[in-house]
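The structure appears right after this line, and notes come after that.
Number of protein chains: 2
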Amino acid sequence: MKVRVTVMLKDGVLDPQGKAIAHALHVLDFGSVGEVRAGRVIELEIAETDADKARAQGDAMARALLANLVIEDFTVEVVA
Amino acid sequence: MKVRVTVMLKDGVLDPQGKAIAHALHVLDFGSVGEVRAGRVIELEIAETDADKARAQGDAMARALLANLVIEDFTVEVVA
């Protein structure tokens, strides 16, 4: 199964990458853009046929390696 | 409206970050993990009330700045 883990900075944590993107978009005349938050997405192929087990594995991997839980939140979706 | 742009390397483009994550997960005993692909997600607050227009803006911003279309694909979703 394919699992997608999305990692974003927690609300309230300063996001300099997002601020830089917002600034660049304003320079490019995208004036309607407000707050921008940047994050990571990791797609993992897991040798598992049960969606719940695949999701649980993705959750365990996010906690062990993919996310820094002090400053980041993550979500896990089974996509295929 | 809030728009989420997800940027991933195209299939066939070498993904060293994904390979490094896969290796680290194997070291951590997640043996069921196969291919791993890493990408970026950018959440943008757009001053627009029409979902189709917000999506079109996200698409234009991805083409102008957020994705390198030579080696990357992107998807745009309206999330709120």
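Going line by line, the protein sequences match chains A and B. Numbered according to the numbering used here, the first sequence spans residues 6 to 85. Numbered according to the numbering used here, the second sequence spans residues 6 to 85. All C-beta atoms in this analysis are idealised placements derived from N, C-alpha and C, irrespective of residue type, glycine included. Fair warning: this is a prediction, and the values are worked out from it, not measured in the lab.
{"Check": "Please look up how many angstroms separate the CB atoms of A:Ile47 and A:Leu14, rounded, as I've assumed it's under 8 Å.", "Outcome": "Not confirmed; about 15 Å, so no contact."}
{"Check": "Judging by CA-CA distance, which residue of B:Glu77, B:Asn73 and B:Asp64 is the nearest neighbour of A:Val3?", "Outcome": "For residue 3 of chain A there is no data in the structure shown, the boundaries of chain A being 6 and 85."}
{"Check": "Pull out every residue of the region 39 to 55 of chain A whose Cβ sits closer than 8 Å to any Cβ of chain B, in chain order.", "Outcome": "Gly39, Glu40, Val41, Arg42, Ala43, Gly44, Arg45, Val46, Ile47, Glu48, Leu49, Glu50, Ile51, Ala52 and Glu53"}
{"Check": "Between which two residues does the beta strand (DSSP E) carrying B:Lys30 extend?", "Outcome": "As written in the sequence, residue 30 of chain B is Leu, which differs from the Lys given in the question. Counting along the chain, B:Leu30 falls outside any beta strand (DSSP E), though it belongs to the alpha helix (DSSP H) covering Pro21 to Val32."}
{"Check": "On the premise that A:Val12 lies in contact with A:Glu82, defined as a C-beta separation below 8 Å, what is that separation, rounded to the nearest angstrom?", "Outcome": "About 13 Å separates the two Cβ atoms, so there is no contact after all."}
{"Check": "Helix, strand or coil for A:Asp78, going by three-state DSSP, please let me know.", "Outcome": "strand"}
{"Check": "Could you give the distance in angstroms between the alpha-carbon of A:Gln62 and the alpha-carbon of B:Ala69?", "Outcome": "36 Å"}
{"Check": "Can you say whether B:Val2 is buried or exposed, counting buried as having 16 or more other CB atoms within 10 angstroms of its CB?", "Outcome": "No statement about residue 2 of chain B is possible, as the shown extent of chain B runs from 6 to 85 and does not include it."}
{"Check": "Hey, quick one: how far does the alpha helix (DSSP H) through A:Met66 stretch, first residue to last?", "Outcome": "Ala56 to Met66"}
{"Check": "Could you tell me the alpha carbon to alpha carbon distance between B:Asp57 and B:Leu74, rounded to whole angstroms?", "Outcome": "22 Å"}
{"Check": "What are the partner residues of A:Leu14, as DSSP defines its beta bridges?", "Outcome": "A:Glu77"}
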